[in-house]
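Asker: I am attaching a structure below and will ask some questions about it afterwards.
2 protein chains.
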Amino acid sequence: MSAVRASIPTGEHTAVPHAQPRPTSRDVARAAGVSQATVSLVLRGKWHGRVAPGTAETVRAAARELGYRPNVAARDLRLGRRRTVLLVVPALTNEFFARVYTGAARAAAERDVGVVLYPSPEGLGPARDPFESARATLDGVIASSMAPHALAALHDGGLPLVMLDSSPEDTPAAATVNLDLADGMRQVAAHLLGLGHRHLAHLTAGVESWTFALRARALDATLASAPGVRLTRVPAAELSVTGGLRTAERLLGGEPRPTAVVCDDDLLAAGACKAARRLGLRVPEDVSVTGCDDLSLATAVEPELTTVRLPAEDFGAAGMRALLAVLDAHPADTRPLPVRLLPRASSGPAPRTGGTAAPGAAPRSGGAAGRS
Amino acid sequence: MSAVRASIPTGEHTAVPHAQPRPTSRDVARAAGVSQATVSLVLRGKWHGRVAPGTAETVRAAARELGYRPNVAARDLRLGRRRTVLLVVPALTNEFFARVYTGAARAAAERDVGVVLYPSPEGLGPARDPFESARATLDGVIASSMAPHALAALHDGGLPLVMLDSSPEDTPAAATVNLDLADGMRQVAAHLLGLGHRHLAHLTAGVESWTFALRARALDATLASAPGVRLTRVPAAELSVTGGLRTAERLLGGEPRPTAVVCDDDLLAAGACKAARRLGLRVPEDVSVTGCDDLSLATAVEPELTTVRLPAEDFGAAGMRALLAVLDAHPADTRPLPVRLLPRASSGPAPRTGGTAAPGAAPRSGGAAGRS
DNA sequence: TGCCGAAGGTTATACGTAAAACTGATGCCT
DNA sequence: AGGCATCAGTTTTACGTATAACCTTCGGCA
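As structure tokens, this is what we get:
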């Protein structure tokens, strides 16, 4: 029934033809019996002392009556602004990045800024260069987990750039906003050491990236101060449940077997749990597993995952605020966002009869992270 | 150092008036020694027979040299087109909708159309009107799972509207694009009946919505032709793992206990599996569980979920193509998209000694969902 | 009385682009 | 020789908005 107006049947292959002719500010002016300038003044709220209150109300009523909405293209053209930023994320289907987007979009909306989303350079096909086509319209870019060459392409555009979870040094970005994942790793390590684990495995993302390198360093540093603790580091075949499963299967099938597996991601942790079960190991009685992110997956699986909760929405919002600050030539707040370990069911005391028990040294005295 | 000079005024006038001095087509014209019109002609590719090849090449070189990118606002203003559509989804953090978006965005990109995402009426705060926050004038709207009042608000905008997964009749939409979930339900029912189940439970989304009503009807219809089959229908407390867990706990704790639980969503199915385990029931030996969507969650949990795979990306793409067809006054393809049951580990033969059937046989032989 | 300054508007203009309408200069046909 | 098509461009205009610059009335006041 909806009266969708037939488009102009010219042979022209218009991508998207005119829909209904929308009322312009001039139409509103005509209806209210004033000039177009007055309409603009009133509707932009800059009329105090320049337009009589009664006239202003008349204009507003006319606009409402006609269902007037300003033409954004015309406004942006006139103001020479774009009020739009690009957010580049590896994949929206990863819940973490969906949450980052949500937070960023909300923070942007507060400042009346739009967000264009690129769900990865590959996401829209390699033929379309998102940066090329989008650059013309953007004020700035927030990028997450970019490969160096893509990053360089972004910077070539001369657009203000904010990087998420990247090295503050090695980047051409105007600012970086990070999560305090080093501290997260410290919390995980303290948690597991406190539970008596002495042989940890670190199931890494298997991706070359600053964040993941940072976590590895933080874990190493924490364990360095705990004597007699062994660490096995293994890169996952793929950053997915399946990848975690495959790699953890090898890891937990070998000897000596670690009593706890620290994973860089909840997906990997879920995979590790599956691997343990397939090998006949119980979680957490035989092996503890920890994840990172606190995806909804973490509480969907059995047992529920001990994990590091990342404030994804806040992270996106902080990135957006940093970019807007940069655009306003203000200093951006680049303090790392705090993260928190959420102990749940997938981690527990180290088994008494560890398959790896270091001979000689009594595992008793070294209990560093002693809970009082 | 990137000299960042762009500025988005903070609501009041800021001293810094404009963004970076970006070259215009006039600058290109000056550099190439031609008029602005010629630049436009050449760069839009409409110069054949109107501009000499040598001149065209000169223009292109000048544009490249200056790093010229057309001003999208000006172009859109001139062409009176918007080349942007709004996609409304309940929540991006739901992987299904993230995939719908991805597919829609890809289909849009093929036609040089942009997508503005509106992650639920609640997503950006209730005060914000979707049209206002869409930082573009829109050509049309694709909406998914809308409450009737929100839907009416959308339609008031007078924009061409395509609905996803909605009744073709009761909607003001110009077109609807659906998944063939009735057939999906039929496949699930056939699968479970084939495995010998005679007491099914239907754990519904607990949301009033056309799709879910459709599934219930389809399940009823299929079971009607199977004599002696009992169906218990229970609405979930909430469309989430926790909701599924809570409701399934009551469902599986009662008597007589169903031997299979058909869930409207993978989240519910995951919750049902957790509930079964907490009650000491094995899946699928004691109770079979099926889901819907085939989220990545489905293969992350143990056992992996038998589920109905929905082609989410195709769905989004089909919605976008339907909208673009409507805008072109072409007929939209509104055939429902086929879905497919993926039998995995969470469903198996009905137990011999069902709580509802005659006792006698040993629950031994179960294990693999051995089906030829 | 004459002048000033507000109040309450209006007119005119610019933003960058696309494209319609126009202009010269050729070359070719009859 | 005259006319006309063709080529290779240029001038001009319009899109809808925001705002600077410009007009009228007034009332007040020295």
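Heads up: the sequence lines are chains U and Z, in that order.
Taken in order, the first sequence gives residues 136 to 507; the numbers are from the working numbering.
Taken in order, the second sequence gives residues 136 to 507; the numbers are from the working numbering.
Note that beta-carbon positions come from the ideal geometry of N, C-alpha and C, so glycine has one too.
Around the Cβ of R234 of chain Z, are there at least 16 other Cβ atoms within 10 angstroms (buried) or fewer (exposed)?
Answerer: R234 of chain Z is buried by the Cβ-count criterion.
Asker: Between the C-alpha atoms of I277 of chain U and G454 of chain U, what's the straight-line distance to the nearest angstrom?
Answerer: Rounded to whole angstroms, the gap between the alpha carbons of I277 of chain U and G454 of chain U is 7 Å.
Asker: Roughly how many angstroms lie between the CA atoms of G258 of chain Z and V436 of chain Z, to the nearest whole one?
Answerer: Because the pLDDT of G258 of chain Z is 43, which lies under 50, any placement of that residue in the model is unreliable, and the question is left without a value.
Asker: Does any C-beta atom of chain U lie closer than 7 Å to the C-beta of A239 of chain Z?
Answerer: no
Asker: Measure from the alpha carbon of K409 of chain Z to the alpha carbon of each residue in Z:L178, Z:G378, Z:L222, Z:W345, then state which is nearest.
Answerer: Z:G378
Asker: Could you tell me whether the Cβ of L114 of chain Z comes closer than 7 Å to any Cβ of chain U?
Answerer: A question about residue 114 of chain Z goes unanswered here, because the residues of chain Z that appear run from 136 up to 507.
Asker: Which stretch, first to last residue, makes up the alpha helix (DSSP H) that contains H326 of chain Z?
Answerer: It spans 316 to 329 - the alpha helix (DSSP H) in which H326 of chain Z sits, taken as one unbroken run.
Asker: Does chain Z have any CB closer than 7 Å to the CB of A460 of chain U?
Answerer: Chain Z, which has no Cβ nearer than 7 Å to the Cβ of A460 of chain U, makes this no.
Asker: Tell me the DSSP bridge mates of C398 of chain U?
Answerer: U:L338
Asker: Note down, in chain order, each residue of its chain lying with its Cβ closer than 6 Å to the Cβ of T306 of chain U, except the 5 sequence neighbours on either side.
Answerer: M298
Asker: Compare the beta carbon distance of C427 of chain U and T442 of chain U with 7 Å and say whether it is the shorter of the two.
Answerer: yes
Asker: Excluding sequence positions up to five away, which residues of its chain have a Cβ less than 6 Å from the Cβ of R475 of chain Z?
Answerer: R444
Asker: Thinking C-beta only, is A411 of chain U closer than 7 Å to V422 of chain U?
Answerer: yes
Asker: How long is the line joining the alpha carbons of Y253 of chain Z and N229 of chain Z, rounded to whole angstroms?
Answerer: 14 Å
Asker: Exposed or buried, what is S279 of chain U when buried is set at 16 or more other beta-carbons lying within 10 Å of its beta-carbon?
Answerer: buried
Asker: Just the chain Z side, please: which residues come within less than 8 Å of N206 of chain U by C-beta, in chain order?
Answerer: L212, T272
Asker: Tell me, please, whether the CB atom of A383 of chain U is closer than 7 Å to any CB atom in chain Z?
Answerer: no
Asker: Enumerate, from N- to C-terminal direction, the unbroken alpha helix (DSSP H) stretches of 4 or more residues contained entirely within the region 445 to 484 of chain Z.
Answerer: 447 to 462
Asker: Here's a check: name, in chain order, each residue in its chain whose Cβ is nearer than 7 Å to the Cβ of A372 of chain Z, leaving out the five neighbours to either side.
Answerer: G341, G378, R381, T382
Asker: For G415 of chain Z, count the other beta carbons within 10 Å of its own beta carbon; 16 or more makes it buried, fewer makes it exposed. Which is it?
Answerer: G415 of chain Z should be labelled exposed.
Asker: Would you call P393 of chain Z buried or exposed, if buried means 16 or more other Cβ atoms sit within 10 Å of its Cβ?
Answerer: Per the 10 Å Cβ criterion, buried.
Asker: Any beta-carbon of chain Z closer than 7 Å to the one on L432 of chain U?
Answerer: Nearest CB-CB separation between L432 of chain U and chain Z: below the 7 Å threshold.
Asker: Beta-carbon within less than 8 Å of T219 of chain U's beta-carbon, same chain only, minus the 5 sequence neighbours each way: which residues are those?
Answerer: The residues are V248, G249, V250, V251, T272, L273, D274.
Asker: Taking just the CA atoms, how far does R417 of chain Z sit from A356 of chain Z?
Answerer: Pairing A356 of chain Z with R417 of chain Z, the inter-Cα distance amounts to about 29 Å.
Asker: Quick one: which residues of the region 215 to 228 of chain U get their C-beta closer than 8 Å to a C-beta of chain Z? List them in chain order.
Answerer: G215, R216, R217, R218, T219, L227, T228
Asker: By DSSP, does Y253 of chain U sit in helix, in strand, or in coil?
Answerer: strand
Asker: Do you know offhand how far R365 of chain U's Cα is from E448 of chain Z's?
Answerer: 45 Å
Asker: For D318 of chain Z and L477 of chain Z, I'd like the C-alpha separation in whole angstroms.
Answerer: 13 Å
Asker: Could you tell me the distance, in whole angstroms, from the CA atom of R321 of chain U to the CA atom of R385 of chain U?
Answerer: 26 Å
Asker: Report the neighbours of L252 of chain Z on chain U: residues whose CB is nearer than 7 Å to its CB, in chain order.
Answerer: Counting only Cβ-Cβ distances below 7 Å, L252 of chain Z has contacts in chain U at L252, in chain order.
Asker: Is P295 of chain U helix, strand or coil by DSSP?
Answerer: coil
Asker: Which residues of chain U have a Cβ atom closer than 7 Å to the Cβ of V436 of chain Z, listed in chain order?
Answerer: Below the 7 Å Cβ cutoff, chain U contributes A435, V436 as neighbours of V436 of chain Z, in chain order.
Asker: Which residues share a DSSP beta bridge with G275 of chain U?
Answerer: U:V220
Asker: Could you check where the beta strand (DSSP E) with D428 of chain U kicks off and where it finishes?
Answerer: 423 to 428
Asker: Can you give me the Cβ contacts of G388 of chain Z inside the same chain, cut-off strictly under 8 Å, excluding the 5 residues immediately before and after it?
Answerer: Within the same chain, G388 of chain Z has close Cβ partners L414.
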